[in-house]
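The block underneath contains the structure these notes are about, expressed in structure tokens.
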């Protein structure tokens, strides 16, 4: 899960990681009031869940009081990579004596948590890692290390970022606190880019990016509450609440599949035969007919859907449960588009029997189903 | 022969008294798997499915001599269960559980590593050596004994491919789902190593997807270390970037973990990639020289 910079900085504050304070504004008037309280110069920063805010004009330093309102208005009018800017962080401008990159992240490839550092700050770390890998510092942490970070190793790492002993000590403190935040809140990334030395000789996090492990949200209701509903698709959240995994796409063939890999392969197969999937939908491992009804409701919210392709390979999921769900959905609501069904595996006979006499189009294989659905979608999907 | 499990494998089920654990224990017994007992902390001394229940994996191993454990414990209790397994002398732990917090997996994995215990999963369907032993949740009936290994990050998609192989008369040595999470105990390379060494595997089908670099690493490994043919299939060619496609690990993060990028790397290494499921079987036949 992503959270905004201002929320990440609140977590920093709670864990004692130094970061400039600030206020959130949703209108130019609020930004002006915040800037008056904070004192000029200030930085206005768009709060959106994408990188590259600076390049898109979403981060501006303001030195004159008269410029706060128009600058805030301009940023609040931006749409950065399809996301409209709804909130600003108003924060005091800092004097930057030096800037570096520092993060702690989960590295899935080596199955370790690692601190990553770079003596050049404000950079795109992925580009740096590719082009000049020798500039990247790395310190692997075992699960035991995370519980009790080894100070000597942190210090050696910090010294490569800030050779000055006092500054290195400050950095070690920050790293130890990052490790604690990382484990206690189940993060997958904490990134400070840049971490700066300010005019007062203090090492400070000027930016903050925190990603959290979705699998661990059940034990962090406080973190789950930070979710920005405006930045998320309501249907996708709805689906999650009902035990479905759903992502809306822009095609015409609605998909209902059991299993994430098969759901992706179903979309790919549709594309292979010239069609276009309207969504990714995994009904999951269990086979509650109510999930099937919920899946129909989600798919049919999209007016572009011309046909629905149901592809079930029964294992834990029972084909007769899916068939019952289809019958329930047809009874409970109008389904204005044709349905192509392919059921195979556990209880497929029972499932097919249940669907006998309905208007559904049966398919023997995924590829046959995808071909039929593509043809139906191309002819407008009339029943 | 086969890899990791065979008809002599003695298997215990962690979470055997739970709904999923007892259901799948029954299914595995029906398939012929040698289930020798189960573990549920606090329920030691009970009996379920005519098998003894123990409080810990170590106790179960002492009493039964089990060498494999398969875990159906809910995500919240998974870390404790993995660490319990790490206190025993089993050689293989198969974690079926979905949705375990990643840091819990990491901690459990380190504990298993320290004892030299191999982990398959989490968030996986398990593994099966057809006709001998099934340790997982896959429908046994679609498999047939034979000489093609299957390794996959997915569940139902693997069933599709296995069924296509079986329908075409191509049996399998062992089929393994390694799991859809970002951190897993055994990666493609680990399993390819075992298949390469297995005298009764002639070729391998590798089913990958978007996210991570495991397929690319597997392609490099294939080029430098394998003599047996590998056939690829990749899910997620149409997946939009930055979106988690069901599996926690299935997210396109950059340019090099898309299905297209992986296909290019696999093909460059000499692993043909089937664009649709029905083209897997012909590629396998071709690789086997028939």
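Chains as they are written, first to last, in the working numbering: chain A, -18 to 364; chain B, 7 to 296.
Backbone N, C-alpha and C define an ideal beta-carbon position, used for all residues, glycine too.
All values reported here derive from a predicted model rather than from experimental measurement.
In the stretch 167 to 241 of chain B, which residue ranges form an unbroken alpha helix (DSSP H) of at least 4 residues, counting only runs that do not cross its ends? 194 to 203, 220 to 231
Would you say residue 131 (chain A) reaches chain B, if we count a Cβ-Cβ gap shorter than 8 Å as a contact? no
Measure from the alpha carbon of residue 194 (chain B) to the alpha carbon of each residue in B:175, B:202, B:169, B:158, then state which is nearest. B:158
Proximity of residue 80 (chain A) and residue 98 (chain A) at Cβ, strictly below 8 Å: no
Excluding five sequence neighbours on each side, which residues of the same chain lie with their C-beta closer than 7 Å to the C-beta of residue 30 (chain B)? 78, 143
DSSP three-state call for residue 56 (chain B): helix, strand or coil? coil
Residue range of the unbroken alpha helix (DSSP H) whose run includes residue 87 (chain B): 81 to 92
Neighbouring residues, chain B, relative to residue 294 (chain A) (Cβ below 7 Å): 162, 165, 166
Determine whether the Cβ of residue 283 (chain B) lies closer than 8 Å to any Cβ atom of chain A. yes
Buried versus exposed call for residue 62 (chain A) [16 or more other C-beta atoms within 10 Å across all chains shown]: exposed
Any idea which residues DSSP pairs residue 23 (chain B) with across the strands? DSSP, once it has assigned bridges, lists no residue as partnering residue 23 (chain B).
Chain B contacts from the stretch 342 to 357 of chain A (Cβ-Cβ distance under 8 Å): 346, 347, 348
Should the stretch 347 to 356 of chain A be regarded as contacting the stretch 174 to 192 of chain B, the criterion being three or more beta carbon pairs within less than 8 Å? no
Close-in-space but distant-in-sequence residues of the same chain around residue 93 (chain B) (CB under 6 Å, 5 per side omitted): 64
What's the gap between the Cα of residue 319 (chain A) and the Cα of residue 133 (chain B)? 38 Å
Using CA atoms only, rank isn't needed, just tell me which of A:139, A:132, A:55, A:108 is closest to residue 119 (chain A). A:139
Please report whether the beta-carbon of residue 176 (chain B) lies at a distance below 8 Å from any beta-carbon of chain A. no
Please report the distance separating the alpha-carbon of residue 203 (chain B) from that of residue 21 (chain B). 33 Å
Exposure label - residue 231 (chain A); buried when at least 16 CB within 10 Å: exposed
Put residue 143 (chain A) into one of helix, strand or coil per three-state DSSP. coil
For the alpha helix (DSSP H) containing residue 277 (chain A), list its first residue and its last residue. 270 to 281
Taking Cβ positions only, does residue 47 (chain A) come closer than 8 Å to chain B? no
Among A:341, A:281, A:201, nearest to residue 368 (chain A) - alpha-carbon criterion: In this structure chain A extends from -18 to 364, so residue 368 (chain A) is not present and cannot be described.
CB contact below 8 Å: residue 37 (chain B) versus chain A: no
Check each residue of the stretch 194 to 220 of chain A: if its Cβ is closer than 8 Å to any Cβ of chain B, include it; give the result in chain order. 194, 195, 196, 197, 199, 200
Taking a contact to mean a Cβ-Cβ separation below 8 Å, would you say residue 94 (chain A) touches residue -7 (chain A) in this structure? no
Whose CA, out of A:360, A:361, A:-11, lies closest to the CA of residue 170 (chain A)? A:-11
Buried or exposed: where does residue 301 (chain A) fall if 16 or more other Cβ atoms within 10 Å of its Cβ makes it buried? buried
Chain A beta carbons: is any one of them nearer than 8 Å to that of residue 292 (chain B)? no
By how many angstroms is the C-alpha of residue 111 (chain B) removed from the C-alpha of residue 98 (chain B)? 15 Å
Segment limits, alpha helix (DSSP H) that includes residue 84 (chain A): Here residue 84 (chain A) belongs to no alpha helix (DSSP H); instead the beta strand (DSSP E) covers 79 to 88.
Measuring CB to CB, does residue 43 (chain B) end up less than 8 Å from residue 69 (chain B)? yes
Distance, residue 2 (chain A) Cα to residue 13 (chain A) Cα: 16 Å
Residue 26 (chain B) to residue 181 (chain B), Cα distance in whole Å? 21 Å
For a quick check, are the C-beta atoms of residue 283 (chain B) and residue 176 (chain B) less than 8 Å apart? no
Any beta-carbon of chain A closer than 8 Å to the one on residue 144 (chain B)? yes
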